[in-house]
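Numbers -23 to -1, 1 to 270, taken from mature numbering (1 follows the signal peptide of the UniProt record, and there is no 0), label the letters of the sequence shown in order. Following: one structure in structure tokens, then a few remarks.
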Amino acid sequence: MAPAVPLALLALVALLAPGLGVAFPGCDYPVHLWCSSWEIAVACQAESRCANLSHPAAAPVELSLYYESLCPACRWFLVQQLFTAWLLLPAEVLNITLVPYGNAKEEIVGGKWHFQCQHGPEECLGNMIETCLMHEAKNISTYFLVIFCLESGSSVTKNLEAVRPIPVPRAPPRGRPRPPDLPVYVCVCVSPPPRPRQCLQIHAPQLDRDRIAACVQGDAGAALMHRNAQLTEALNPPHQYVPWIVINGKHTDELQAQAEASLLGLICRLYQGEKPEACGGSAAPKALTSCRR
């Protein structure tokens, strides 16, 4: 005599069978196990019947921005596109890496790293401030607010409470003239007069201003900037301009154009998990021209 089939199982089969049909290729599970895991539900094409199952976590979209602090196009992209997408999207959807260096050059002078930047010494200082800020803050939820404040203001370097290096003229190495715009970071430093609305005061008052200042004017900051130079020089393909946008380890002209046109829309299309509410639609103004090498 054949074993009795539980009435509950028969009822479940009768309920599911019209919508799901017979077993699918790759589905070797009995009906009562179809909703036991998301992987089994997918294999048996039963996702719509398994509403109580949580979707597996998808990897976030990885975005790396290679930029320089005073490049107008970099500032526009960071403020108008990247910061907006970061605000609207959950952390599990978008992971951001900022690399301030861009079209700068580096060389060792007197045993120390020195940097020459496309938009002059002020840009080197801005790159250094933002690099040291990220190093000290660690968490993007802290440092990105400050960097946004810096980049969206009238002056990147004057909107932060930090010491400002005053270049001290030095004799050039023998047989080689000193580049005219080469900023010197081994120098005398002073603090600017306090201002009532500083980016650091507003967005990250918990950070130690003196530690950031020591990083900016010391060997630690130079080492961090050298690391940014290495990351930038290792790009494949090599960067031709900034902002240079790398998404999930890739840079293409198409990805760059899509990111500059609507970064939020691009991230929403690339993210493989359940779409967040912000992915309902996006529009953005026209991007500025890049800063070419």
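We put the beta carbon where it would ideally sit given N, CA and C, even for glycine.
Specify, as a first and last residue, the run of the alpha helix (DSSP H) that W11 falls within. Run containing W11: none; DSSP gives neither H nor E here.
Rounded straight-line distance, which links the Cα of E107 to that of I124: 7 Å
Can you tell me where the alpha helix (DSSP H) with I104 in it begins and where it stops? A quick correction: the sequence has Asn, not Ile, at residue 104. Per DSSP, N104 belongs to the alpha helix (DSSP H) from 98 to 114.
For the alpha helix (DSSP H) containing Q235, name the first residue and the last one. 230 to 247
Residue nearest to A238 in terms of C-alpha spacing, selected from R269, I222, T119: I222
Does A136 pass the burial test, meaning 16 or more other C-beta atoms within 10 Å, or should it be called exposed? It should be pointed out that residue 136 corresponds to Asn in this sequence rather than to Ala. Taking every protein chain shown into account, the CB of N136 has 16 or more other CB atoms within 10 angstroms, so this residue is buried.
Top-ranked residue by Cα proximity to L247, from A36, Y120, C27, L201: A36
Identity of the residue in N104, P253, L40, A28 nearest T229 by Cα: L40
Reference residue 271, options H216, N116, N72, W63, closest by Cα: Absent from the model: residue 271. The displayed extent of the chain is -23 to 270, so no value can be given.
May I ask you to report which of helix, strand or coil DSSP gives Y6? In the displayed model, Y6 falls within coil according to three-state DSSP, outside both helix and strand.
Considering only the beta carbon of each residue, do C268 and A34 sit closer than 7 Å? no
Use the C-beta contact count for H180: other C-beta atoms within 10 angstroms, 16 or more gives buried, fewer gives exposed. buried
State the Cα-Cα distance for the pair Q217 and K227, rounded to the nearest angstrom. Going by the C-alpha atoms only, they are around 15 Å apart.
Give every residue of the same chain whose Cβ lies closer than 8 Å to the Cβ of V76, excluding the five residues on either side of it in the sequence, and list them in chain order. If we look at V76 and ignore the five residues flanking it on each side, its Cβ neighbours are S41, L42, Y43, Y44, N205, L208, T209.
First and last residue of the beta strand (DSSP E) that includes T74? 71 to 77
Specify the secondary structure class of P157 as computed by DSSP and reduced to three states. With a pLDDT of only 41 at P157, under the threshold of 50, the placement of this residue in the model should not be trusted; the figure read from the coordinates follows. The answer is coil: DSSP assigns P157 none of H, G, I, E or B.
Taking 7 Å as the cut-off, decide whether the C-beta atoms of C27 and A18 are in contact. yes
Look at the alpha carbon of L232 and the alpha carbon of V193, and state the distance between them as a whole number of angstroms. One C-alpha to the other measures close to 34 Å.
Per DSSP, what are the beta-bridge partners of F92 in this structure? Per DSSP, E83.
Beta-carbon proximity check, V56 vs S129, cutoff 7 Å: For the pair V56 and S129, the CB atoms are nearer than the 7 Å cut-off.
Is it the case that the CB of I17 approaches a heavy atom of the ligand MG more closely than 6 Å? Here there are no bound small molecules, and the ligand MG is not part of this structure.
Is it buried or exposed for S46, if we count other Cβ within 10 angstroms and need 16 for buried? buried
Apply the 10 Å Cβ neighbour rule to E251 and answer buried if 16 or more other Cβ atoms are within range, or exposed otherwise. exposed
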